[in-house]
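Numbering (our numbering), first residue to last: 121 to 320.
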Ligand SMILES: [Zn+2]
């Protein structure tokens, strides 16, 4: 999806004046004082100064391309967000300028070494890209083994009543997933939900 990765529109940061893509923008403030639209870097600087975190440094990470076990390339963009006592580092693919496909997140200490956090994120991405839970069958995709990991997203087509799943970095509708499960009719299953920042 790297060819579709260009941001469709940008927003100007109220602090530094840089035009940044929509996914790199935070509305910062309160109802009383009003909101300012800040780029992630300026948002982190504001939070760091509010918390007196002198050693926090915002590291701007360039996109990386990684290849999955089927030989398909994935371009990942990064975002670092300072949320109080936590530093969240995310990696995501883009489609039409919006995070889509594979998404990963790790949580660290704001005073920690950013590159160490990046190291553990990359490790998780490699681990995830080394597995494919779905394979192509005669009538569409099917479950390759007996385990599936993925992400639960909002499905606009179903008005949010049923989930849109993202498995192997691709969208799978609830109905489509139901069809895949029917090849296991009569079997049992175990469903475990995990936080975004946890390994699955
Ligand atoms: Zn800015």
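In this text, a Cβ means the ideal position worked out from N, Cα and C, and glycines have one as well.
For the beta strand (DSSP E) holding residue 162, just list the boundary residues, first then last.
No beta strand (DSSP E) contains residue 162, which is instead part of the alpha helix (DSSP H) from 160-171.
Would you call residue 189 buried or exposed, if buried means 16 or more other Cβ atoms sit within 10 Å of its Cβ?
Result: exposed.
Where does residue 307 sit, in a helix, a strand or coil, going by DSSP?
When secondary structure is reduced to three states using DSSP, residue 307 falls in the coil class, being assigned neither helix nor strand.
Applying the 10 Å Cβ sphere with the 16-neighbour rule, what's the burial state of residue 245?
When all chains shown are included, residue 245 counts as buried.
Would you please verify whether the beta carbon of residue 303 is less than 8 Å from any beta carbon of chain D?
Structure shown: chain D not included; a single protein chain is present.
In this structure, what does DSSP give as the bridge partners for residue 141?
Answer by DSSP bridge pairing, in chain order: 130.
Exposed or buried, what is residue 209 when buried is set at 16 or more other beta-carbons lying within 10 Å of its beta-carbon?
Taking all protein chains in view, the Cβ of residue 209 is crowded by 16 or more other Cβ atoms within 10 Å, so the residue is classified as buried.
Note the first and the last residue of the continuous alpha helix (DSSP H) segment covering residue 281.
DSSP places residue 281 outside any alpha helix (DSSP H), giving it a letter other than H or E.
DSSP state of residue 220 mapped onto helix, strand, coil:
Strand at residue 220.
What's the call for residue 185, buried or exposed, on a 16-neighbour Cβ count within 10 Å?
By the beta-carbon neighbour count (other beta carbons within 10 angstroms, threshold 16), residue 185 is exposed.
Length of the line joining the Cα atoms of residue 228 and residue 237
The C-alpha of residue 237 is placed about 7 Å away from the C-alpha of residue 228.
Simplified DSSP assignment, three categories, for residue 242
Residue 242 falls in the helix class under three-state DSSP.
Measure the Cβ-Cβ separation of residue 201 and residue 144 and say whether it is below 8 Å.
Taking 8 Å as the Cβ cut-off, residue 201 and residue 144 do not qualify as a contacting pair.
Can you look up residue 299 in the DSSP assignment and give me helix, strand or coil?
In the structure shown, residue 299 sits in a helix (DSSP, three-state: H, G or I).
Residues in its own chain within less than 7 Å of residue 226 by CB, not counting five upstream and five downstream?
Only 209, 237, 240, 241, 244 and 317 meet the Cβ criterion.
Near ligand 1, which residues have their beta-carbon less than 6 Å from any of its heavy atoms, given in chain order?
Going by the Cβ distance cut-off, the answer is 133, 135, 136, 138, 158, 159, 161 and 162.
Let me know the secondary structure DSSP gives residue 175 once reduced to three states.
Here residue 175 sits in coil by DSSP.
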